[in-house]
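Engineer:
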């Protein structure tokens, strides 16, 4: 009876140890699965955050590019306006110079014409004096 009781006790102890080992293995498996689930969730969150960051970066880049294009367009418009103003100024200066040159040429022509008229008057006066002298001389004869 003692031997059977000892065997039964040993069997019960063995069964209890096996049950505890099984329970420990099950708990370890459950913990590993929970860790894996948590890691998968963390990875999913990290991937979503990275995608969001990429999306925000793309949007920021698009805005920056649009701003740069707008600034470039403004600069081009300003440069075009400046060029047009410079060309208008140059054209006005050239027109003024041409007018001044024309005025100078006209003044020179007027001066020459006046000198020629004065010369003609002088020659006419001298011719008239000679004619008068000749007439007086003939009248005296």
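Residue numbers (UniProt numbering): 1 to 141. Beta carbons: idealized from backbone N, C-alpha and C, even for Gly.
1) By how many angstroms is the C-alpha of residue 107 removed from the C-alpha of residue 152?
2) Specify the secondary structure class of residue 74 as computed by DSSP and reduced to three states.
3) Give the DSSP-derived three-state secondary structure of residue 122 in the structure shown.
4) Please specify which runs of the beta strand (DSSP E), each continuous and at least 3 residues long, are wholly inside the UniProt region "Disordered" (27-141), giving them in chain order.
5) In this structure, how does DSSP classify residue 15 when only helix, strand and coil are distinguished?
6) So what's residue 7 in DSSP terms, helix, strand or just coil?
7) Work out the CA separation of residue 41 and residue 52 for me, nearest whole Å.
Structural biologist: With the structure as the only source:
1) Outside the displayed range of the chain (1 to 141) lies residue 152, so it cannot be described from this structure.
2) Looking up residue 74 in the chain shown gives position 74. DSSP places residue 74 in helix when its eight states are reduced to three.
3) Here residue 122 refers to the residue found at position 122 when the chain shown is read from its first residue. Here residue 122 sits in helix by DSSP.
4) none
5) The residue you call residue 15 lines up with position 15 of the chain shown. Three-state DSSP puts residue 15 in a helix.
6) Along the chain shown, read from residue 1 onward, the residue named residue 7 stands at position 7. In this structure, residue 7 counts as helix in the three-state DSSP scheme.
7) To locate residue 52, count along the chain shown from 1; it is residue 52. To locate residue 41, count along the chain shown from 1; it is residue 41. One C-alpha to the other measures close to 16 Å.
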